[in-house]
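Single-structure report; data block below.
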Amino acid sequence: MYNLYVSNDQDTARFILGKEGKRKLFVIGLNPSTANKEKSDTTVAKVEKVAKLNSFDGFVMANLYPHRSTDPSNLPISVDKGLIKRNIEEIRKQASLDSFPVFWAAWGGNIVTREYLTAAFHQIDALVRELNGTWVNYGELLKGGHPRHPSRLSYSWSFQNFDPNLY
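In this text, residue positions in the sequence shown follow the UniProt record's numbering: the first is 1, and each later residue adds one.
Written out as structure tokens, the structure is:
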């Protein structure tokens, strides 16, 4: 189903999931849920459709934190710095293959549940700047100024420029 897939040996952390293309959309969610190389989930299915509807022929789903959890409140209290480091490396490997990559901020309001999620965003933002990438969000920002999560979107919405300095 997906020809881009990078996880740890136990598949308890997923770094990259997606499909190759000449023009890929890089999506940064909060953390991975259940999707894997062989099966999608609601979030990834919506990401793929939004990418196609907006003239992207591929996509890369990555996250602020790669630890799998169906409920963000169950993420570890303490950060695993090794996971963060590898996460940044894997995003870099994929995004450096594209000229002027577009990054969709897609983590939702739960970024506030763990301090390390905001810190991870800052590291990814530094990478986006280094690669001459741009940030977008889909639909209006949430009341707290956070970008919307893809599982709760309307296909009638559109991309807007996202200001990373909000964080």
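Glycine residues also receive a C-beta, built at the ideal position from the N, C-alpha and C atoms. Please read these numbers as outputs of a predicted model, since none were measured by experiment.
The continuous stretches of beta strand (DSSP E) do not include Arg152, and DSSP gives it neither H nor E. With 16 or more neighbouring CB atoms inside 10 Å of its own CB, Asn87 falls in the buried class.
Fewer than three pairs of CB atoms, one per stretch, sit closer than 8 Å, so the region 74-82 makes no contact with the region 95-107.
Relative to Lys37, the option among Glu115, Trp104 and Leu4 whose CA is nearest is Leu4.
Cα atoms of Phe59 and Val27: separation of roughly 7 Å, rounded to the nearest angstrom. For Gly144, the closest alpha carbon among the candidates Tyr167, Pro150, Gly133 and Ser78 is that of Tyr167.
Among the bridge pairs identified by DSSP, Trp104 is matched with Val27 and Val136. The DSSP-derived three-state label of Asn110 is helix.
With contact defined as three or more Cβ pairs closer than 8 Å, the region 44-60 and the region 15-32 are in contact. The beta carbon of Ile91 sits closer than 7 Å to the beta carbons of Ala62, Ile124 and Leu127 from its chain, once the five residues preceding and following it are set aside; these are given in chain order. Excluding its 5 nearest sequence neighbours in each direction, Ala45 has no C-beta neighbour in its own chain below 7 Å.
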